[in-house]
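> Just dropping this structure here.
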Amino acid sequence: MKIAVTGSSGLLGWHATARLHAQACAAQYRGDDPEIRFVQIDRKTFEDHSALTSALEGVDGILHFAGVNRGEDAEVEEANPRIAKQLTAACQSAGVEPHIVYANSIHAARDTSYGRSKRIAGEYLAEYAPRYTNLILPHIFGECAQPYYNNVVATLIDQIWKGDEPTVNPEGRVQLLHAGTAAQMAIDAVVEGKCGTLSPKGRDISVVDLHDKLRALHALYTTNVVPDVSDPFDLALFNSLRTAAFPDLYPFKLKVTTDERGTLFESAKGLTENHTFLSTTRPGQVRGNHFHYDLIERFVVVRGEAIIRVRKVLTNDVHEFRVSGDEPVAIDQIPFHTHNIENIGEEDVITFFWTNRIFDPSAPDTYADPV
């Protein structure tokens, strides 16, 4: 099966392609061919009909996340139907009749320029596509969201990390759905042939409570405490918060106490179940080269010299952190960022690992992918 993802550089598009990439990594690790091949379609591809046509050749499904949600009213109202027509014209040129999953919005029911634009685009796609899924989404948030771009969670997080005091509407409420949840629903719709309207419910929360929750998560994390993230919504918010701080926050220093007996430091504290373990890595050896969906994982080198490398999946953006057991620091791994640790010294590296849940071999949340 081949799936095309439009708007692949946006929040939903990146979460969808990252998940498809994870499935491909898992298949490769097993020695199997990927069940799903995917192609990323960005704005530049949309501007070139022949490039768009070429990208769509042989596709079985399209996750249509590309769109315009801000700008002058006339521009917004015209944009989404035009993009839908560009997509269907390219499908016709490519000779394909794919299942189209359209990321629609709860605003489509409103009589606004954006609402009308989304509604008309959806109606056009529904008329064209032999198999069509109308995925009506509430407010989307998640890791790597862009602040100050119609995303209240990302904006609040950015202001909190900067130490700003946000202006919060005391009457405001939002329905929040994690981008990963929405992306997986879109993928499943194509794979399982789900047509019609899907309306996932978000978490209803006041903007005041959202701000307070993010503040509380931030306060715990900056005092070296991982909060209670047993609620998937809280886990998604916390992962969004700490992802927004990457890479500037890391590595962060740990409080070290030294006396005649030696050295003591707290490597991690958690308010839920957790898993701790140690590893040794011989000189010149590398561990890791994998990523996770939502696992919180902390690395602390307690002996030796090492480099920890982190790369955002589907990019070539690699960050390197040189660490030493002589000065213990913590580096927390970010969702959908593949990572490894290399011993660059002459003695074994001893690394302490902490995760927010006990390892489950039946659901390891680990996907091999070289940094």
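According to this note's numbering, the sequence shown is numbered sequentially starting from 737. The beta-carbon is built from N, C-alpha and C at its ideal position, and this holds for glycine as well.
(1) If distances are taken between C-alpha atoms only, which option among Glu793, Arg1023, Asn840 comes closest to Ala830?
(2) By Cβ distance, which residues of its chain are closer than 6 Å to Leu799, with the 5 residues on each side in sequence left out?
(3) Taking the CB atoms as reference points, tell me whether Pro1071 and Glu879 lie closer together than 9 Å.
(4) Which of helix, strand or coil does DSSP assign to Leu1007?
(5) Per DSSP, which residues does Phe1088 bridge with? Please list them.
(6) For Thr891 and Glu808, I'd like the C-alpha separation in whole angstroms.
(7) If we count the other Cβ atoms within 10 Å of its Cβ and call it buried at 16 or more, is Ser841 buried or exposed?
(8) So Glu1078 and Val1036 are in contact, right, with Cβ under 8 Å, and what is the actual spacing, rounded?
(9) What distance in whole Å lies between the Cβ atoms of Val904 and His875, which are believed to be in contact at a cut-off of 8 Å?
(10) Can you name, in chain order, every residue of its own chain whose Cβ lies under 7 Å from the Cβ of Pro987, other than the five neighbours on each side?
(11) Quick check: the Cα distance between Leu956 and Val943, rounded to an integer number of angstroms?
(12) On the three-state DSSP scale, how would you describe Leu950?
(13) Locate the beta strand (DSSP E) running through Ala825, then write down its first and last residues.
(14) Check whether the region 816 to 833 and the region 860 to 874 touch, using three or more Cβ-Cβ pairs below 8 Å as the test.
(15) Just tell me which of Val804, Glu813, Ala758 has its CA closest to the CA of Ala839.
(16) Pick helix, strand or coil for Arg806, following the three-state DSSP scheme.
(17) Can you tell me whether Ile772 is helix, strand or coil according to DSSP?
(18) Hey, is the region 1086 to 1098 in contact with the region 770 to 780, meaning 3+ C-beta pairs nearer than 8 Å?
(19) Can you give me the start and stop residues for the alpha helix (DSSP H) that Ala922 sits inside?
(20) How is the beta strand (DSSP E) around His757 delimited, first residue to last?
(21) With DSSP as the reference, label Lys991 as helix, strand or coil.
(22) How would you call Glu783, buried or exposed, if buried means at least 16 neighbouring beta carbons within 10 angstroms?
(23) Of all Cβ atoms in chain C, is any one closer than 9 Å to the Cβ of Thr742?
(24) Would you say Val889 and Met737 are within 9 Å of each other, going by their C-beta atoms?
(25) Pair every Cβ in the region 1079 to 1088 with every Cβ in the region 1011 to 1020, then say whether three or more of these pairs are closer than 8 Å.
Taking the coordinates as given:
(1) Nearest of Glu793, Arg1023, Asn840 to Ala830, Cα basis: Glu793.
(2) Exclusion of the five residues before and after Leu799 leaves Val741, Ala752, Val837, Ala922 as the residues of its chain whose Cβ lies within less than 6 Å of its Cβ.
(3) One thing to note: Pro1071 has its Cβ within 9 Å of the Cβ of Glu879.
(4) Here Leu1007 sits in coil by DSSP.
(5) The partner list for Phe1088 (beta bridge, DSSP) reads Leu1014, Val1036.
(6) Cα to Cα, Thr891 sits roughly 21 Å from Glu808.
(7) So Ser841 ends up on the buried side.
(8) Actually they do not touch by this definition, with Cβ atoms about 16 Å apart.
(9) Taking the Cβ atoms as the reference, His875 lies roughly 15 Å from Val904, outside the contact range of under 8 Å.
(10) If we look at Pro987 and ignore the five residues flanking it on each side, its Cβ neighbours are Phe1057, Val1059, Val1065, Ala1066, Ile1067.
(11) Going by the C-alpha atoms only, they are around 20 Å apart.
(12) In this structure, Leu950 counts as helix in the three-state DSSP scheme.
(13) Ala825 -> not in any beta strand (DSSP E); alpha helix (DSSP H) instead, spanning 809 to 830.
(14) Here the region 816 to 833 makes contact with the region 860 to 874; the two share three or more CB pairs at distances below 8 Å.
(15) Considering only alpha carbons, the answer is Val804.
(16) DSSP, reduced to helix, strand and coil, places Arg806 outside both helices and strands of the structure shown, so it counts as coil.
(17) If DSSP states are grouped into helix, strand and coil, Ile772 belongs with coil.
(18) Touching, no.
(19) First-last of the alpha helix (DSSP H) with Ala922: 915 to 928.
(20) If you look at His757, you'll find it isn't in any beta strand (DSSP E); it sits in the alpha helix (DSSP H) that goes 747 to 766.
(21) The answer is coil: DSSP assigns Lys991 none of H, G, I, E or B.
(22) Around the beta carbon of Glu783, fewer than 16 other beta carbons lie within 10 angstroms, which makes this residue exposed.
(23) The question asks about chain C, but that chain is absent: this structure has only one protein chain.
(24) No.
(25) Contact between the region 1079 to 1088 and the region 1011 to 1020 is established, with three or more Cβ pairs separated by less than 8 Å.
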